[in-house]
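*Asks:* After the structure tokens below, expect a handful of questions from me.
There are 2 protein chains.
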Amino acid sequence: MQARDVSGGPVACGCANPGAQLILEVAVELFSEKGYNATSMSEVARRAGISKANVFHHFGSKHDLYLEVIREACRDSREALHQGRDSGQTVVQQLSAFLHHHLDTLLRRDRVSRLVVREVLDSTPEGGKELAEQVFFDGFTELVEIVREGQQQGEFRSDMDPALLAHMIISISLFYFQSRNVLRHFPPVDFADEPQRFVEMACDLLFHGCLKAGDPDNKAAVGNRPACRTMSKETPE
Amino acid sequence: MQARDVSGGPVACGCANPGAQLILEVAVELFSEKGYNATSMSEVARRAGISKANVFHHFGSKHDLYLEVIREACRDSREALHQGRDSGQTVVQQLSAFLHHHLDTLLRRDRVSRLVVREVLDSTPEGGKELAEQVFFDGFTELVEIVREGQQQGEFRSDMDPALLAHMIISISLFYFQSRNVLRHFPPVDFADEPQRFVEMACDLLFHGCLKAGDPDNKAAVGNRPACRTMSKETPE
DNA sequence: TAGCTCGCTGACCGATCGGTCAGTCGGAAA
DNA sequence: TTTCCGACTGACCGATCGGTCAGCGAGCTA
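If you read the protein sequences in the order shown, they are chains A and B.
Positions 1 to 237 (the working numbering) are the ones given, in order, by the first sequence.
Positions 1001 to 1237 (the working numbering) are the ones given, in order, by the second sequence.
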């Protein structure tokens, strides 16, 4: 059920084959919509307008077809995470652009994104390695590098784990993507259908947490703090 | 496949029945592990040590059994989100405690949590309503209230959407929970198996973003900002 | 003791699953 | 023209799916 090897080549034939390509497109659609077990090979064949035997001719088994679908989806997701850096921008701008791009890609490729997220969710402790290496490593590493650069340039606090901020950035866009259907039904939430605005607000909130803008005596972890901290109370409205 | 009604009473019998209770426990386990389609009624019966017909005797259909499982899981999740507020604590402490409690519950009830998360992920635009109302509404509303209180008391910035911070808090613990198996394989990440430390670091990062500690001219959204802002550069190491 | 309810069973149902196989057919190579 | 190859098909396989049904037996009631 889980992808063991996301890196290998084609299973039965090259994807250049037009027949196999059609099957693959249909399969991406179905697996994304309904998951592995709920998708039948008969339905793949039916929707592709070919015989079931033909599907097995191109892809040795259902699992092989699924692996190919995962590879395709992962390629997409890797692109979503990987975004060319513009060194003319500040680090803050780069991260903001990253978030915009990431969420935009997630929403545009809704079904494929769901497929990959489901794969992450269902990954076993051992199986997560493949996904980590093949899909997310490059994008995540790049993100960490951006943060690290921000620290070296003094834009970001130096007493902060770069990987933590990177993780939080991804979690923000990914969880927004995941929870949108539920989020829409919460009365206090008005940004469920405004991803652009959401990203901007989230960036604002996030950056003012990692920028060196706070009072310097405030570096201790919050859990250990005795009370409300000495803080110049501004006008509460 | 999706839960349509999470609120109704028992389907075929009261849960007081010991036979039905055993079936339910086994079903929670299996549905959580393998999802709806990959779980067969035969396996439920086998693992419960009873006949398949007996399962259908207690729960009218597979879908009915699944609904009951979802109800049980949602009850758990609601408890995970809902945590008694200690009014003797500062708002910052309350939110920190909330995050600790939430993530701890997610990790402790790993399988059930996965089940609910999967349900959220697979929820249709219409179907998300039930989940929102029956499972997450109370907890989310409470979280928003805490944030709002923090704003009124001057601990938090007032130019911030309370629902946004609430959403980000949940996204942090939930995405950590989801991505741990993948996260473990990223070299720059060293907190994949230290949830306590992760929460503390995340709180630190998050709160210094929403506390009124930054320079006051920094309220504009980051996306619109022209350049790197005027910022007193501290010693970069 | 007779009658009834109810938890429970094994045998069975039609449908569908993933997968196989013999064979058709068109086009390139010989 | 023949041969061969590979895309492709319909018919079929055993296994398993969700679900049904007649009936068994223990326990309560009249």
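For each residue, glycine too, the CB sits at the ideal point set by N, CA and C.
(1) Between the beta-carbon of A:HIS100 and the beta-carbon of A:VAL199, is there less than 8 Å?
(2) In this structure, does DSSP put A:GLY127 in helix, strand or coil?
(3) Roughly how many angstroms lie between the CA atoms of B:GLY1019 and B:LYS1034, to the nearest whole one?
(4) Taking only beta-carbon atoms, is B:GLN1094 less than 8 Å away from chain A?
(5) With burial defined as no fewer than 16 other Cβ atoms inside 10 Å of the residue's Cβ, what is the status of A:SER171: buried or exposed?
(6) My parser needs the alpha helix (DSSP H) runs of 4 or more residues fully inside the region 22–69 of chain A; what are they?
(7) Among the candidates B:ALA1163, B:MET1168 and B:ARG1114, whose CA atom is the shortest distance from the CA of A:LEU165?
(8) Evaluate contact between the region 132–147 of chain A and the region 69–83 of chain A, counting only Cβ atoms and requiring at least three cross-stretch pairs below 8 Å.
(9) For B:PHE1207 and B:GLU1149, I'd like the C-alpha separation in whole angstroms.
(10) With a 10 Å radius around its C-beta and 16 neighbouring C-beta atoms as the bar for buried, classify B:GLU1068 as buried or exposed.
(11) With DSSP as the reference, label B:ASN1087 as helix, strand or coil.
(12) Below 7 Å CB to CB, which residues in the same chain sit around B:LEU1115 once its five sequence neighbours on both sides are set aside?
(13) Measuring only the C-alpha atoms, how far is B:GLU1119 from A:VAL189?
(14) With distances taken Cα to Cα, identify the nearest neighbour of A:ARG180 among A:SER158, A:VAL112, A:MET160 and A:LEU107.
(15) Can you tell me whether B:PRO1216 is helix, strand or coil according to DSSP?
(16) Nearest to B:ASP1159 by alpha carbon, out of A:SER51, A:PHE59 and A:LEU205?
(17) Using only the alpha-carbon positions, how far apart do B:THR1230 and A:PRO125 sit?
(18) Applying a beta-carbon distance threshold of less than 9 Å, which residues of chain A neighbour B:MET1201?
(19) Please identify the residue among A:LEU143, A:HIS57 and A:LEU121 whose C-alpha is closest to the C-alpha of A:SER96.
*Replies:* To lay it out plainly:
(1) yes
(2) coil
(3) 23 Å
(4) no
(5) buried
(6) 41–48 and 52–58
(7) B:MET1168
(8) yes
(9) 15 Å
(10) buried
(11) According to the sequence provided, residue 1087 of chain B is Ser. The question's Asn does not apply to it. In this structure, B:SER1087 counts as coil in the three-state DSSP scheme.
(12) PHE1031, SER1032 and ALA1073
(13) 20 Å
(14) A:LEU107
(15) Per-residue confidence for B:PRO1216 stands at a pLDDT of 40, beneath the threshold of 50, marking its modelled position as unreliable; no derived number is given.
(16) A:LEU205
(17) Low per-residue confidence applies at B:THR1230: pLDDT is 32, beneath 50, and the placement is therefore not dependable, though the value from the model is reported in the following sentence. Using only the alpha carbons, I get a separation of about 45 Å.
(18) MET160, ASP161, LEU164 and ALA221
(19) A:LEU143
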